[in-house]
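Numbering (my numbering), first residue to last: 15 to 142. Ideal placement from N, C-alpha and C gives every residue a C-beta, glycine not left out. Heads up: the structure comes next, in structure tokens.
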Amino acid sequence: MFQSLLGPVANLAGTYLQGKADKQAAAGKLKLVEAESKAKILLSKETSTADWERIMAENSAGSWKDEFFAVILAVPLILCFIPGMEGVVAHGFEQLSKAPEWYHWALLTAISASFGVKGVKQVMGKKK
Numbered sequence: 015m016f017q018s019l020l021g022p023v024a025n026l027a028g029t030y031l032q033g034k035a036d037k038q039a040a041a042g043k044l045k046l047v048e049a050e051s052k053a054k055i056l057l058s059k060e061t062s063t064a065d066w067e068r069i070m071a072e073n074s075a076g077s078w079k080d081e082f083f084a085v086i087l088a089v090p091l092i093l094c095f096i097p098g099m100e101g102v103v104a105h106g107f108e109q110l111s112k113a114p115e116w117y118h119w120a121l122l123t124a125i126s127a128s129f130g131v132k133g134v135k136q137v138m139g140k141k142k
């Protein structure tokens with residue numbers, strides 16, 4: 015009689031342990047799938063950014079706007095070394111400081127589009 019009870023109890027315990035093992039295996043597989051999905055999303059995001067930057071660089075290869083902004087940014091620098099022009103530079107920056115905030119943001123956006131978004135992110139990161 016004892017043996018007739020031992021078989022079903024052992025079977026029940028085995029089923030319980032197998033269910034627990036299956037549940038742990040499923041949880042592990044779920045974590046693995048989530049990690050793989052996150053990795054794919056990050057890779058896709060980085061690839062998209064790199065592709066966008068490559069396309070922008072190719073499109074601006076024949077553009078004059080990079081040179082335009084480089085010259086505009088260099089003018090005050092050059093004028094600072096010419097005797098008598100320091101006042102002109104100071105007056106220009108004083109007037110520029112009176113411009114509305116939206117103008118400063120528009121200028122920053124235009125220059126960042128010309129030289130690349132990564133550069134602006136680095137500059138903005140240093141401000142904080």
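Tell me which residues share the same chain as residue i and place their Cβ nearer than 7 Å to its Cβ, disregarding the 5 neighbours each side in the sequence.
i   : result
L93 : M99, V102, V103
Return the CA-CA distance between residue i and residue j, expressed in angstroms with no decimal places.
i    : j    : result
A120 : R68  : 23 Å
Y30  : D36  : 10 Å
T61  : I96  : 47 Å
F129 : K34  : 58 Å
E81  : E72  : 15 Å
L91  : I125 : 17 Å
A127 : L56  : 24 Å
K43  : S58  : 22 Å
V9   : A53  : Limits of the chain in this structure are 15 at one end and 142 at the other, which puts residue 9 out of reach.
T123 : A39  : 51 Å
Inset, instruction - Tell me the start and end of each unbroken alpha helix (DSSP H) in the region 58-122 that is at least 4 residues and wholly inside, in chain order. - result: 79-93, 100-111
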